[in-house]
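Asks: Below is the structure I would like to discuss, written out as structure tokens.
Number of protein chains: 2
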Amino acid sequence: MRIHIQTPADDTEFGFTPAQFATAAAAAGEPPYSLSFGHTPEDFAAVADQVELLIGSTPLLKPLRFGALAAATSLRLIFVNAAGVDGLSPFGWLPDGVTLLNNRGTHANKAGDFIVMAALMLSTGMPGMLAAQRDARWQPAFSPPLATRRVTILGTGDLGSAGARALGKLGVQVTGVRRSAAPHPDFAAVHDTAALDALLPETGILVLACPLTPDSAGVLSRARIALLPQGAGVVNIGRGRLADQDALCDALESGHLGGAVLDVFDPEPLPAEHRIWRTRNLIATPHISCDDPASYNPRSLAILFANLRAWRAGAALPNRVDTARGY
Amino acid sequence: MRIHIQTPADDTEFGFTPAQFATAAAAAGEPPYSLSFGHTPEDFAAVADQVELLIGSTPLLKPLRFGALAAATSLRLIFVNAAGVDGLSPFGWLPDGVTLLNNRGTHANKAGDFIVMAALMLSTGMPGMLAAQRDARWQPAFSPPLATRRVTILGTGDLGSAGARALGKLGVQVTGVRRSAAPHPDFAAVHDTAALDALLPETGILVLACPLTPDSAGVLSRARIALLPQGAGVVNIGRGRLADQDALCDALESGHLGGAVLDVFDPEPLPAEHRIWRTRNLIATPHISCDDPASYNPRSLAILFANLRAWRAGAALPNRVDTARGY
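So the protein sequences, as listed, match chains A and B.
Numbering-wise, the first sequence is residues 1 to 327 according to the working numbering.
Numbering-wise, the second sequence is residues 1001 to 1327 according to the working numbering.
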């Protein structure tokens, strides 16, 4: 197979190295392949007509969508080194006969950690205590254990189920919300999205862990935030545009929400003057919730090679992006 | 049995109410008793000669130790509504024939929550990210999952074992340190305190969860902090005097320690001018790690009545404080 990898020119992303690729290919028993690397659209253009599998991150694939791909007549697969592919949507640019793959499955360990941490920080009242610390105020505030809180996770995929699994081990009953109400082994209960409004008043901690699609954009609207009970907490590890950010900030400032732990924003990076940084009881982390630098590339490549094996066998590709759904 | 309860005049502590006591006694099948309540040492003095069981918190029992107890000729048991009784030590004041009980077992749920939260906050690098948020700086920093960190917990009692149990469920290998190296079901390994210096260089996150006694005071000395690896984290939910606080602050300021989550201090409340509040990468919470207001009194009373049942049966009392050891 003729493979081309677009890698970042600097270390701002987890670019694949030749050694990582060779190691993962050998571990997967991948048959012989030929491989090229490039940084710029011109680097890709120079080999485009031979490439069967193109690999890159969203920012590196984005400039190739129109024009550069026209010459890629041998292309069959594109592997995006990310789980969320909203940055490449809408998908009209994807040539006929080319399958788009993401790396879902890479992020579960860290997502589980982050969701548990965020839920515990909200359950324990850390946002208020961190503010008290800044003012050197000794102000004890007690809270019930996490296992008594009702946690609702929007999204039962790789990220949401990792959170539900970890929270479940700690005795928390987690409700999942997804497109269908089909049961999921990691969730105590699963409801479809039509049930969301009815679930919100019973939710102590709401976690957004679903893909950003035209359907899910703004799913946590101002009206839905108002449906959460006084003092509820919100966690977002999906995408910033899943929530009405201004409504979230308003609900935190007013005290309707007790706290929020947000890892994703619109836009990213957050500009220094953005109100998010300074909103009361809001903890902001810079899109780090799901990425483990030590395991990210090996896991991601193992997922790629599992898909290549399925592709050669003519089987369904576990990481195929359904471009109509957007994930 | 003739029982007297000293309760706080205000709601600064979790004082028992008559209704809570009656409910717990009925649930435990406690035989008939007579009960009085008081706030001041004079209240106790008025009934001291009849009281067989005296109940109170450390601050309420403290002023009774010398003098008031001399008249308590019927006294057999004192129940301290706390797990750590260091505030009543040394124990020379305890009359012959009177057994001191603590409420260990009350705090486990919340202690498990807090230890997991603190370990995740340190593992995820939250102290540095909270500082970046204060400066509105977008500065991604990635970290490996918690399960790859080595956690050492000093103290394998109620608090430490709750932490080890919860961390173990999340896949963390936890090492316990206690007086003897006897195995403990919640810990992957247990070592005696003589092994501590050898364990520290291998410890990513160190949790102090042991009682404060003459032996344990200052156990996390400046020299031992230096034995921890660069970037290690420290959690303290035991007592402030377990650690050399100034050495902790110095090691955080110098960057030798990556972070600390401290819930206990010397003194408490921490004065506004104390350096703890402002130390780099130090998260300070106001002694709230182990107390759940909803369950604290019911759990504590259930423990008391289990001990009274054992006492009437002439059996060993599970919550008897060994005054020679100090816990």
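No residue lacks a Cβ here, since even glycine has one placed at the ideal position from N, Cα and C.
Since the structure is predicted, the reported quantities are computational estimates derived from the model, not experimental observations.
Counting only beta-carbon separations shorter than 8 angstroms, does B/Leu1130 have a partner in chain A?
Replies: B/Leu1130 counts as touching chain A.
Asks: Taking C-beta pairs closer than 9 angstroms, name the residues in chain B that A/Lys62 reaches, listed in chain order.
Replies: Within chain B, no residue comes near A/Lys62; the closest Cβ sits about 19 angstroms away, beyond 9 angstroms.
Asks: Starting from the Cα of B/Pro1063, find the closest Cα among B/Leu1053, B/Glu1052 and B/Ser1089 and give me that residue.
Replies: Residue B/Ser1089 is the option with its Cα nearest to B/Pro1063.
Asks: Kindly provide the ranges of any alpha helix (DSSP H) runs that are 4 or more residues long and lie completely inside the stretch 228 to 295 of chain A, ordered along the chain.
Replies: Listed in chain order, the complete alpha helix (DSSP H) runs (minimum 4 residues) inside the stretch 228 to 295 of chain A are 245 to 253.
Asks: Quick one: using the 10 Å Cβ neighbour count with 16 as the cut-off for buried, is B/Gln1139 buried or exposed?
Replies: The residue is exposed, with fewer than 16 neighbouring Cβ atoms inside 10 Å.
Asks: Return the CA-CA distance between A/Leu200 and A/Pro127, expressed in angstroms with no decimal places.
Replies: Distance between the alpha carbons of A/Leu200 and A/Pro127: 21 angstroms.
Asks: Is there at least one Cβ from chain A nearer than 8 angstroms to B/Gln1139's Cβ?
Replies: By this cut-off, B/Gln1139 is an interface position.
Asks: Please determine, among A/Ala310, A/Gly218, A/Pro18 and A/Asp86, the residue with the shortest C-alpha to C-alpha distance to A/Arg325.
Replies: The shortest C-alpha separation from A/Arg325 is found at A/Asp86.
Asks: Mapping DSSP to helix, strand and coil, what is B/Phe1044?
Replies: Here B/Phe1044 sits in helix by DSSP.
Asks: Indicate whether at least one CB of chain B lies closer than 8 angstroms to the CB of A/Phe91.
Replies: Chain B, which has no Cβ nearer than 8 angstroms to the Cβ of A/Phe91, makes this no.
Asks: From A/Ala70, A/Gly38 and A/Gln173, pick the residue whose C-alpha is nearest to that of A/Ile55; which is it?
Replies: For the residues A/Ala70, A/Gly38 and A/Gln173, the minimum Cα distance to A/Ile55 belongs to A/Gly38.
Asks: Alpha carbon to alpha carbon, how far is B/Arg1076 from B/Pro1095? Give it in angstroms, no decimals.
Replies: Distance between the alpha carbons of B/Pro1095 and B/Arg1076 is about 9 angstroms.
Asks: Does the beta carbon of A/His287 come closer than 8 angstroms to any beta carbon on chain B?
Replies: Yes, A/His287 counts as interfacial toward chain B.
Asks: Going by C-alpha to C-alpha distance, which of B/Arg1002, B/Ala1019 and B/Leu1061 sits closest to B/Asp1049?
Replies: When each option's Cα is compared against that of B/Asp1049, the closest is B/Arg1002.
Asks: Where does A/Ser161 fall in DSSP's three states?
Replies: If DSSP states are grouped into helix, strand and coil, A/Ser161 belongs with the helices.
Asks: Quick check on B/Trp1277 - is its C-beta less than 8 angstroms from some C-beta in chain A?
Replies: Answer yes: the Cβ-Cβ gap between B/Trp1277 and chain A drops below 8 angstroms somewhere.
Asks: Would A/Arg222 pass as a contact of A/Ala260 if the rule is Cβ separation under 8 angstroms?
Replies: The answer is no: Cβ separation not under 8 angstroms.
Asks: I need the DSSP call for A/Ser36, collapsed to helix, strand or coil.
Replies: DSSP places A/Ser36 in strand when its eight states are reduced to three.
Asks: Using three-state DSSP, classify A/Leu208 as helix, strand or coil.
Replies: Looking at A/Leu208 - three-state DSSP - the assignment turns out to be strand.
Asks: For A/Leu248, would you say it is in contact with chain B, using Cβ-to-Cβ distances shorter than 8 angstroms as the test?
Replies: It does not; no Cβ of chain B falls within 8 angstroms.
Asks: Output the boundary residues of the alpha helix (DSSP H) element that contains B/Arg1002.
Replies: B/Arg1002 -> not in any alpha helix (DSSP H); beta strand (DSSP E) instead, spanning Arg1002 to Gln1006.
Asks: Taking 7 angstroms as the line, does the beta carbon of A/Phe79 fall inside it for any heavy atom of the ligand HEM?
Replies: The ligand HEM is not part of this structure, which contains no ligands at all.
Asks: Between B/Cys1290 and B/Lys1110, is the Cβ-Cβ spacing less than 8 angstroms?
Replies: Yes. Within cutoff.
Asks: When the Cβ atoms of the stretch 205 to 218 of chain A are set against those of the stretch 135 to 151 of chain A, are three or more pairs found closer than 8 angstroms?
Replies: The stretch 205 to 218 of chain A, when compared against the stretch 135 to 151 of chain A, does touch it at the 8 angstroms Cβ threshold.
Asks: Excluding the five sequence neighbours on either side, which residues of its own chain have a C-beta within less than 7 angstroms of the C-beta of B/Ser1216, listed in chain order?
Replies: Answer for B/Ser1216: Cys1210 and Leu1242, listed in chain order.
Asks: What whole-angstrom Cβ distance do A/Asn103 and A/Ile303 have, given they're in contact under 8 angstroms?
Replies: Indeed, because the Cβ distance is near 5 angstroms, the residues count as touching under 8 angstroms.
Asks: Would a C-beta distance cut-off of 8 angstroms place B/His1184 and B/Thr1156 closer than the cut-off?
Replies: Yes. Within cutoff.
Asks: By how many angstroms is the C-alpha of A/Arg239 removed from the C-alpha of B/Ala1141?
Replies: The straight-line gap from Cα to Cα measures roughly 18 angstroms.
Asks: Would you please verify whether the beta carbon of A/Val151 is less than 8 angstroms from any beta carbon of chain B?
Replies: Not one chain B Cβ lies under 8 angstroms of A/Val151.
Asks: Is it a yes or a no for the stretch 307 to 317 of chain A touching the stretch 282 to 298 of chain A, going by three-plus beta-carbon pairs under 8 angstroms?
Replies: No, the stretch 307 to 317 of chain A does not touch the stretch 282 to 298 of chain A.
Asks: Going along the chain, which residues of its own chain have a beta-carbon closer than 8 angstroms to the beta-carbon of B/Leu1196, five neighbours each way excluded?
Replies: Cβ neighbours of B/Leu1196 beyond the five flanking positions: Leu1154, Val1177, Val1219 and Arg1224.
Asks: What beta strand (DSSP E) runs, 3 residues minimum, are completely inside the stretch 1057 to 1083 of chain B?
Replies: Counting whole runs of 3 or more residues, the stretch 1057 to 1083 of chain B contains the beta strand (DSSP E) stretches 1077 to 1080.
Asks: For A/Arg165 and A/Ala188, I'd like the C-alpha separation in whole angstroms.
Replies: Approximately 10 angstroms, taken between the alpha carbons.
Asks: Counting only beta-carbon separations shorter than 8 angstroms, does B/Pro1293 have a partner in chain A?
Replies: Answer yes: the Cβ-Cβ gap between B/Pro1293 and chain A drops below 8 angstroms somewhere.
Asks: Excluding the five sequence neighbours on either side, which residues of its own chain have a C-beta within less than 8 angstroms of the C-beta of A/Leu252, listed in chain order?
Replies: Within the same chain, A/Leu252 has close Cβ partners Gly259, Ala260, Thr279, Arg280, Asn281 and Leu282.
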